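Asks:
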Amino acid sequence: MDDKPCYDEHEQCYLWKYKNHCDTKTEFMVRECPVSCEACATSIQSTSDFGVEQDEVADLYILNKISAVIRESKAYMRKLRADPRMGHVRETCRNNNALCSMWAAQGECERNPAVMMGTCGPACHSCDAIDFDSRCPKEGMGDEPVLKEAGDLNRLFERIVDQDENEFSKLAPVVIQRPYKSGETRERTWNLGPWMLSFEKFLTDEEADRLVEVTSSDKGFGRSEEVTKKINPDGTYERKTSSYRSSSNTWCGTDCEDDPTVRGIIERISNVTGIATVNSEPLQVLKYEVDERYGEHADYIQEQTHRPCGGRILTLLIYLSDDFTGGETKFRFLREYTVRPKKGMAVLWSNVKNSNPLEEEERFDHEALPVTSGVKYAANAWIHMRNFRDNAEKLCV
């Protein structure tokens, strides 16, 4: 196609383009209106034709490798734009960083595919992976779900609390609320409602301090963001900062999880819930200073329900400090129930319904009230219906 003249066959081509026919009637438009649909092999002259203009470097050896990546990227994008099957990513596949070509020359496409294929599609020749449905086919949801049917959630929680003495007794579990149980003979000390437990001694003071120390030195804290309902072209969720969530946070990465103390905490979460670690997101550690808060929100992300990882079925909120005032966790739809943070304490609740584990339990919308003095530290453990870790590497969450 490189040597053939390229022109639109119809005067209406330009109009059809703006009626989205390049995407909806791809094969016809590429054939009849290649100029309007940017499908000409000669339409790519520079790297800015498919994203951010690429930086070059002074080092001759690296420069030659970058130049080779750029030549190959141009050839790849010419073929992509002329391929009717790729119409769904023709306008969204871009190099979004000026260093994409250099990173590709250094082998980052192979070493760090999760980030590179979305950020540097042309340089990595991964435009097909930008489309979520292509990257994450429904048949990829073969992992067994944690909750298969109605009643499984009850059984998960009953395993933790329905024995006078069990392996979790040392964590001092307390039933805050639970569903009605036929034949219950004990005096009820809890509210009736969806499952919610606290563990008064989930962490020791030393473990809580170590988790803060490791995450602070590993990546440091940055402004917390909200996950919006807007989905980017690659299927990821758009994030934003707002006064609605004014805390800072960090994530427990590989170095953090390799710490022996932290590894013990992660294993404890898995043992208590009975759910493999691969179903859990990395721990998110939060820092709230004076006047910082998180307005009422849900942890459950509805759109994940039918994604390979499944939705967040459980939240375990762990308090890592208590030398502050304010900062309570309030559940408005649970009779205004409010948790006063205590260092080492954890609260576990379900984000889905026992009667239908694919349906959100909306009564657990909650908020972190403003801190009035001191600094509050806490950690979120979010546990998914299916394998989260492996799907996150493929950007399928």
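Numbering (our numbering), first residue to last: 1181 to 1577.
Backbone N, C-alpha and C define an ideal beta-carbon position, used for all residues, glycine too.
Since the structure is predicted, the reported quantities are computational estimates derived from the model, not experimental observations.
1) Which residue or residues does DSSP assign as beta-bridge partners of Arg-1358?
2) Quick check: what's the CA-CA separation for Met-1181 versus Arg-1261?
3) Is it right to say Arg-1566 is buried, meaning 16 or more other beta carbons lie within 10 angstroms of its own, or is it exposed?
4) Determine the contact status of Leu-1500 and Ala-1561, defining contact as a CB-CB distance below 7 Å.
5) Could you tell me if Pro-1317 is buried or exposed, where buried requires 16 or more neighbouring beta carbons within 10 angstroms of its beta carbon?
6) Rounded to whole angstroms, what's the CA-CA distance from Gly-1400 to Val-1210? Just pull it up for me.
7) Would you call the segment 1442 to 1454 and the segment 1300 to 1318 touching, i.e. three or more CB-CB distances under 8 Å?
8) Could you give the distance in angstroms between the alpha-carbon of Met-1282 and the alpha-carbon of Ala-1255?
9) With 16 other CB atoms within 10 Å as the buried threshold, where does Asp-1183 fall?
10) Could you check if Asp-1438 is buried or exposed, using at least 16 other CB atoms within 10 Å of its CB as the buried criterion?
11) Output the boundary residues of the beta strand (DSSP E) element that contains Leu-1333.
12) Have a look at Gly-1331, Asp-1503, Ala-1294 and Glu-1547 and flag the residue whose alpha-carbon is nearest the alpha-carbon of Ser-1555.
13) Would DSSP call Ala-1558 helix, strand or coil?
14) So Leu-1383 and Ile-1498 are in contact, right, with Cβ under 8 Å, and what is the actual spacing, rounded?
15) Among the residues of its own chain, which have a CB less than 6 Å from the CB of Leu-1372, if the five just before and after it don't count?
16) Let's see if you can read the secondary structure: which residues bound the beta strand (DSSP E) around Ser-1428?
17) How close, in whole Å, do the beta carbons of Arg-1390 and Val-1442 come, if the pair is a contact with beta carbons under 8 Å?
18) Taking Phe-1312 as part of the alpha helix (DSSP H), name the residues at either end of that continuous run.
19) Which one or two residues does DSSP pair with Lys-1328 in a beta bridge?
20) Starting from the Cα of Glu-1505, find the closest Cα among Gly-1475, Tyr-1198, Gln-1482 and Ala-1548 and give me that residue.
21) Could you tell me the alpha carbon to alpha carbon distance between Val-1551 and Arg-1270, rounded to whole angstroms?
22) Can you tell me whether Leu-1351 sits near the ligand HEM, meaning its C-beta is under 6 Å from at least one heavy atom of the ligand?
23) Helix, strand or coil for Leu-1575 per DSSP?
24) What residues are listed by DSSP as bridge partners for Tyr-1517?
25) Just curious, the alpha helix (DSSP H) that Lys-1245 is in, first and last residue?
26) List the endpoints of the continuous beta strand (DSSP E) containing Glu-1547.
27) Is the beta carbon of Ile-1481 closer than 7 Å to that of Val-1326?
28) When burial is assigned at 16 or more other CB atoms within 10 Å of the CB, is Tyr-1241 buried or exposed?
29) Leaving aside the five residues before and after Gly-1507 along the sequence, list all residues of the same chain whose C-beta is less than 7 Å from its C-beta, in chain order.
30) Between which two residues does the alpha helix (DSSP H) containing Phe-1208 stretch?
31) Quick check on DSSP: helix, strand or coil for Ala-1478?
32) Once DSSP output is grouped into helix, strand and coil, what is the label at Asp-1182?
33) Please classify Cys-1201 as buried or exposed, where buried requires at least 16 neighbouring CB atoms within 10 angstroms.
34) Since Trp-1529 sits in a beta bridge, which residues does DSSP pair it with?
Replies: Concretely, from the data shown:
1) Along the sequence shown, read from residue 1 onward, the residue named residue 1358 stands at position 178. Beta-bridge pairing links Arg-1358 to Leu-1372.
2) Here the question's residue 1181 lines up with position 1 in the sequence shown. Here the question's residue 1261 lines up with position 81 in the sequence shown. With a pLDDT of only 36 at Met-1181, under 50, the local geometry of the prediction cannot be trusted, and no value is derived from it.
3) Position 386 of the sequence shown holds residue 1566. Its Cβ being crowded by 16 or more others within 10 Å, Arg-1566 is buried.
4) Indexing the sequence shown from 1 puts residue 1500 at position 320. Indexing the sequence shown from 1 puts residue 1561 at position 381. If you check the CB distance, Leu-1500 and Ala-1561 do not come in under 7 Å.
5) Position 137 of the sequence shown, counting from 1, holds the residue named residue 1317. Pro-1317 sits exposed, since fewer than 16 C-beta atoms from the chains shown fall within 10 Å of its C-beta.
6) Translated into positions along the sequence shown, residue 1400 becomes position 220. Translated into positions along the sequence shown, residue 1210 becomes position 30. Whole-angstrom Cα-Cα distance: 49 Å.
7) Verdict: no, contact absent.
8) As a first step, residue 1282 must be located in the sequence shown, where it is residue number 102. As a first step, residue 1255 must be located in the sequence shown, where it is residue number 75. Distance from the CA atom of Met-1282 to the CA atom of Ala-1255, rounded to whole angstroms, is 17 Å.
9) As a first step, residue 1183 must be located in the sequence shown, where it is residue number 3. Since pLDDT at Asp-1183 reaches only 44, below the 50 mark, its modelled position is unreliable, and no value is offered.
10) Residue mapping note: residue 1438 aligns to position 258 of the sequence shown, counting from 1. Counting Cβ neighbours within 10 Å, Asp-1438 comes out exposed, since fewer than 16 surround it.
11) Your numbering for residue 1333 matches position 153 in the sequence shown. Where Leu-1333 is concerned, there is no enclosing beta strand (DSSP E), although the alpha helix (DSSP H) it sits in stretches over 1332 to 1341.
12) As a first step, residue 1555 must be located in the sequence shown, where it is residue number 375. Looking at the sequence shown, residue 1555 is not Ser but Val. If we check each option's Cα against that of Val-1555, Asp-1503 comes out closest.
13) To locate residue 1558, count along the sequence shown from 1; it is residue 378. DSSP, read as helix, strand or coil, puts Ala-1558 in strand.
14) The residue you call residue 1383 lines up with position 203 of the sequence shown. The residue you call residue 1498 lines up with position 318 of the sequence shown. At roughly 6 Å, the Cβ-Cβ gap stays under 8 Å, so Leu-1383 and Ile-1498 are in contact.
15) The residue labelled residue 1372 in the question sits at position 192 within the sequence shown. Hits under 6 Å: Tyr-1360.
16) Within the sequence shown, residue 1428 is the residue found at index 248, counting from 1. It spans 1428 to 1431 - the beta strand (DSSP E) in which Ser-1428 sits, taken as one unbroken run.
17) Start at 1 with the first residue of the sequence shown, and residue 1390 comes out as number 210. Start at 1 with the first residue of the sequence shown, and residue 1442 comes out as number 262. Contact between Arg-1390 and Val-1442 holds: their C-beta atoms lie close to 7 Å from each other, under 8 Å.
18) In the sequence shown, residue 1312 corresponds to position 132, counting from 1. Its alpha helix (DSSP H) spans residues 1312 to 1315.
19) Looking up residue 1328 in the sequence shown gives position 148. Answer by DSSP bridge pairing: none, since Lys-1328 is not bridged.
20) For this step, residue 1505 is matched to residue 325 along the sequence shown. Before going further, note that residue 1505 is Thr rather than Glu in the sequence given. Of the listed residues, the one whose Cα sits closest to Thr-1505 is Ala-1548.
21) Numbered from 1 along the sequence shown, position 371 holds the residue referred to as residue 1551. Numbered from 1 along the sequence shown, position 90 holds the residue referred to as residue 1270. Spanning the two alpha carbons is a distance of roughly 48 Å.
22) Among the components modelled here there is no ligand, and therefore nothing to report on the ligand HEM.
23) For the purposes of this step, residue 1575 is taken as the residue at position 395 of the sequence shown. It is coil, neither helix nor strand.
24) Translated into positions along the sequence shown, residue 1517 becomes position 337. For Tyr-1517, which the question treats as bridged, DSSP gives the partners Phe-1511.
25) One-based indexing of the sequence shown puts residue 1245 at position 65. Note, Lys-1245: alpha helix (DSSP H), 1240 to 1262.
26) Taking the first residue of the sequence shown as 1, we reach residue 1547 at position 367. First-last of the beta strand (DSSP E) with Glu-1547: 1546 to 1548.
27) For this step, residue 1326 is matched to residue 146 along the sequence shown. For this step, residue 1481 is matched to residue 301 along the sequence shown. It is not a contact, given that the beta carbons lie outside the stated cut-off.
28) As a first step, residue 1241 is located in the sequence shown; it is residue number 61 there, counting from the start. By the neighbour-count definition (other C-beta atoms within 10 Å, threshold 16), Tyr-1241 is an exposed residue.
29) Taking the sequence shown and counting its residues from 1, one reaches residue 1507 at position 327. Excluding sequence neighbours, Gly-1507 sits near Tyr-1468, Pro-1521, Ala-1548, Leu-1549, Val-1551 and Lys-1556.
30) Working through the sequence shown from its first residue, we reach residue 1208 at position 28. DSSP places Phe-1208 inside the alpha helix (DSSP H), whose first and last residues are 1206 to 1212.
31) Position 298 of the sequence shown, counted from the first residue, corresponds to residue 1478. In this structure, Ala-1478 counts as coil in the three-state DSSP scheme.
32) The residue you call residue 1182 lines up with position 2 of the sequence shown. The pLDDT assigned to Asp-1182 is 42, lower than 50, so where the model puts this residue is not dependable; a value taken from the coordinates is nonetheless given after this. Looking at Asp-1182 - three-state DSSP - the assignment turns out to be coil, as it is neither helix nor strand.
33) One-based indexing of the sequence shown puts residue 1201 at position 21. According to the sequence as given, residue 1201 is His; it is not Cys. By the Cβ-count criterion, His-1201 is buried, with 16 or more other Cβ atoms from all chains shown falling within 10 Å of its own Cβ.
34) Within the sequence shown, numbered from 1, the residue matching residue 1529 stands at position 349. The secondary-structure analysis by DSSP pairs Trp-1529 across a beta bridge with Met-1376 and Thr-1495.
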